[in-house]
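J.:
Number of protein chains: 2
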Amino acid sequence: MPPSQNLLLASLSAPDRALLAPHLVPLTLSIRQSLEKPEQTIEDVYFPESGIVSIVAQSPKGDEIEAGIVGREGMTGLAIVMGNHQSPHQCYGQVGGEGLSLNANRLRAAIAASPSLHRHMLLFAQVFMTQISQTALANGRSNITERLARWILMASDRLGSNEVNLTHEFLAVMLGVRRPGVTIALHLLEEQETISAARGVISIVDRRKLEAASRGSYGVTEAHYARLFPTDAPAAAA
Amino acid sequence: MPPSQNLLLASLSAPDRALLAPHLVPLTLSIRQSLEKPEQTIEDVYFPESGIVSIVAQSPKGDEIEAGIVGREGMTGLAIVMGNHQSPHQCYGQVGGEGLSLNANRLRAAIAASPSLHRHMLLFAQVFMTQISQTALANGRSNITERLARWILMASDRLGSNEVNLTHEFLAVMLGVRRPGVTIALHLLEEQETISAARGVISIVDRRKLEAASRGSYGVTEAHYARLFPTDAPAAAA
DNA sequence: GCGCAAGCGTACATTTGCGTACCGTTTGCC
DNA sequence: GGCAAACGGTACGCAAATGTACGCTTGCGC
Chain S
31 MPPSQNLLLA SLSAPDRALL APHLVPLTLS IRQSLEKPEQ TIEDVYFPES
81 GIVSIVAQSP KGDEIEAGIV GREGMTGLAI VMGNHQSPHQ CYGQVGGEGL
131 SLNANRLRAA IAASPSLHRH MLLFAQVFMT QISQTALANG RSNITERLAR
181 WILMASDRLG SNEVNLTHEF LAVMLGVRRP GVTIALHLLE EQETISAARG
231 VISIVDRRKL EAASRGSYGV TEAHYARLFP TDAPAAAA
Chain H
31 MPPSQNLLLA SLSAPDRALL APHLVPLTLS IRQSLEKPEQ TIEDVYFPES
81 GIVSIVAQSP KGDEIEAGIV GREGMTGLAI VMGNHQSPHQ CYGQVGGEGL
131 SLNANRLRAA IAASPSLHRH MLLFAQVFMT QISQTALANG RSNITERLAR
181 WILMASDRLG SNEVNLTHEF LAVMLGVRRP GVTIALHLLE EQETISAARG
231 VISIVDRRKL EAASRGSYGV TEAHYARLFP TDAPAAAA
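Protein sequence lines, in the order shown, are assigned to chains S and H. Start counting the first sequence at 31; every next residue gets the next number (the working numbering). Start counting the second sequence at 31; every next residue gets the next number (the working numbering).
1) Check this for me: beta carbons of H/LEU50 and H/ALA140, under 8 Å apart or not?
2) How many Å lie between H/GLY129 and S/THR261 at the Cα?
3) Would DSSP call S/ALA265 helix, strand or coil?
4) Less than 8 Å between the C-beta atoms of S/THR251 and S/VAL157, yes or no?
5) Under DSSP, the beta strand (DSSP E) around H/GLU193 begins and ends at which residues?
6) Could you give the DSSP three-state label for H/ASN114: helix, strand or coil?
7) For S/GLU69, which option in S/PRO118, S/ARG102, S/SER80 and S/LEU39 has the closest C-alpha, if you only look at C-alpha atoms?
8) Establish whether the CB of S/GLN164 and some CB of chain H are separated by less than 8 Å.
9) Leaving out the 5 sequence neighbours to the left and right, which residues in its chain are closer than 6 Å to S/GLU176 when beta-carbon positions are compared?
10) Going by beta carbon distance, what residues of the same chain come within less than 8 Å of S/ALA253, once the five residues before and after it are set aside?
11) Which first and last residues belong to the beta strand (DSSP E) in which H/GLY127 is found?
12) What residue does the alpha helix (DSSP H) around H/GLN63 start on, and which one ends it?
13) Taking the alpha carbon of H/LEU219 as the reference point, which residue from H/ASN192, H/VAL203 and H/ILE182 has its own alpha carbon closest?
14) Quick one, which of S/ASN169, S/LEU205 and S/MET184 has its alpha-carbon nearest H/GLU94's?
15) Starting from S/HIS198, follow its DSSP beta bridges and name the residues at the other end.
16) Bridge partners for H/GLN120 per DSSP, in chain order?
17) So which residues on chain S does H/ILE95 lean against when the C-beta distance must stay under 7 Å?
18) Is it true that the stretch 141-155 of chain H meets the stretch 72-79 of chain S, where meeting means three or more beta-carbon pairs spaced less than 8 Å apart?
19) Exposed or buried, what is H/ASP236 when buried is set at 16 or more other beta-carbons lying within 10 Å of its beta-carbon?
20) Compare the C-alpha of H/GLN124 against each of H/ALA256, H/VAL194, H/THR213 and H/ASN36 and name the closest.
21) May I have the straight-line CA-CA distance separating S/GLU241 from S/ARG180, to the nearest angstrom?
22) Output the distance between the C-alpha atoms of S/GLU223 and S/ILE214, rounded to the nearest integer angstrom.
23) Under 8 Å between C-beta atoms, does H/ARG52 make it to chain S?
24) Closer than 8 Å by beta-carbon distance: list the chain H residues that pair up with S/ALA256, in chain order.
25) Work out the CA separation of S/LEU189 and S/GLY81 for me, nearest whole Å.
26) Which residues share a DSSP beta bridge with S/PRO78?
27) Measuring CB to CB, does H/VAL207 end up less than 8 Å from H/ILE162?
28) Report the option in S/SER89, S/MET112, S/GLU96 and S/HIS53 whose CA atom is closest to the CA atom of S/ASN133.
29) Leaving out five residues on either side along the sequence, give the residues of the same chain with a beta carbon under 7 Å from the beta carbon of S/LEU258.
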């Protein structure tokens, strides 16, 4: 099997990869396509190779906010890895792309058969937990501009690209803020020459400056990931 | 071994409990006592029997915010359960109390010896992940009063008591808001006759009304917990 | 029993973000 | 080539939360 573009799969040991390979099914993920719904049994998990998937928390009241994003560095369906069959999160395509899907029962079987596979995925789950808690921190302590800078950097890492295709409206929903708030924040970042924005596209111009603009809201999760998956790190940071 | 006051331990199967029992060491936790520091090897995990422990996320800039709390329904040191030896979180006593500590290596050995023990703790880890993402949601979407109501309810569950001993200052740090903001929010909740507050003590007066005052920010985590640990649920909700 | 510090109440000016609304511009589609 | 929808820019009044600061009470140590 050729090593996948998905970094989590690629960093598996050869035997573990071989365990999953026969059951991986290529899948194109489009925007807003739902992969998991809250309180509903997860049928398949998903390893993105391009594109981004959003994990969204919601309240009974109907409020929503993005808890984290997953790209080619990880996988969806962590509930399965944790031994459950569902989660209280929504999960859907945010930036369209390709990936590999895997039946949840196959994954359970593989995990039961290979402790090292389980360990590997649990480590990713821990990193994802870090991402969520850093999101909680950013939501509570950072302003829109800082959170936007964080989001763009994280998306860029996970896409392996300096360009992100997204509308203001979508970003506003993910960040849990007002749409014109995103417009204004993007203008601020443009003034600082950290990014350039056109209709539906945001490009990173000066990554270092953009990291500075995030004022500490970006970096902890990425450092955690780099520590646990050293081989992937350069690629993820590229 | 008498079943512990810690609900996670109490809900273990008898053999799994027996596996841990010889290594559990009673420990009194005082306020602000640190149990884990970010990027530092975790020596012991901790099962509270009373009191509350805060898990706090921090940014390189020095900003802090509470990602979640743990009481007698759970445990600290989930990083060990996930196969790592550290986490990027702070972890310290928030409301003083008693508990049982367990050496991290002993825990690792027990997990290796008993898949069912591992499964059990991973399910708690999944619930805790839910708690963190709901915190992210509350931080982004709820106002101070709602978040405060949520915090009081969660603390009450985890303490098994209607009274919580805490200063405004402490709450302000945890919620990531200004101290007088907490004072004002508490007054609002008092006006609604949901709580009564005295110097350093908050008492729940009308739990239903307080839940309503949280406007949907409370409940998702607790429902998730109740689904996975059915026997504990009545106790945790009492 | 006095003093001091911790805890709490309050005030004011300021900033940030919100809700809403309207309008120009681009884009895709027929 | 024309039209509708999606997208983005801007404006206005308003609410929420902030930073800062001052002062009162309560309780504990000496």
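Each residue gets a CB set at the ideal place from its N, CA and C atoms; glycine is no exception.
T.: This is what the structure gives:
1) yes
2) 40 Å
3) Per-residue confidence for S/ALA265 stands at a pLDDT of 47, beneath the threshold of 50, marking its modelled position as unreliable; no derived number is given.
4) yes
5) 193-195
6) coil
7) S/PRO118
8) yes
9) SER244, ARG245 and SER247
10) none
11) 127-133
12) Segment: none, H/GLN63 is in no alpha helix (DSSP H) and carries neither H nor E.
13) H/ILE182
14) S/ASN169
15) Per DSSP, none; premise fails for S/HIS198.
16) H/VAL86
17) ALA166, LEU167, GLY170 and ARG171
18) no
19) exposed
20) H/VAL194
21) 7 Å
22) 14 Å
23) According to the sequence provided, residue 52 of chain H is Pro. The question's Arg does not apply to it. For H/PRO52, the answer is no, since every Cβ of chain S falls outside 8 Å of its Cβ.
24) None at all; the shortest Cβ gap to chain H is about 12 Å.
25) 6 Å
26) S/GLY129
27) no
28) S/HIS53
29) LEU153 and VAL157
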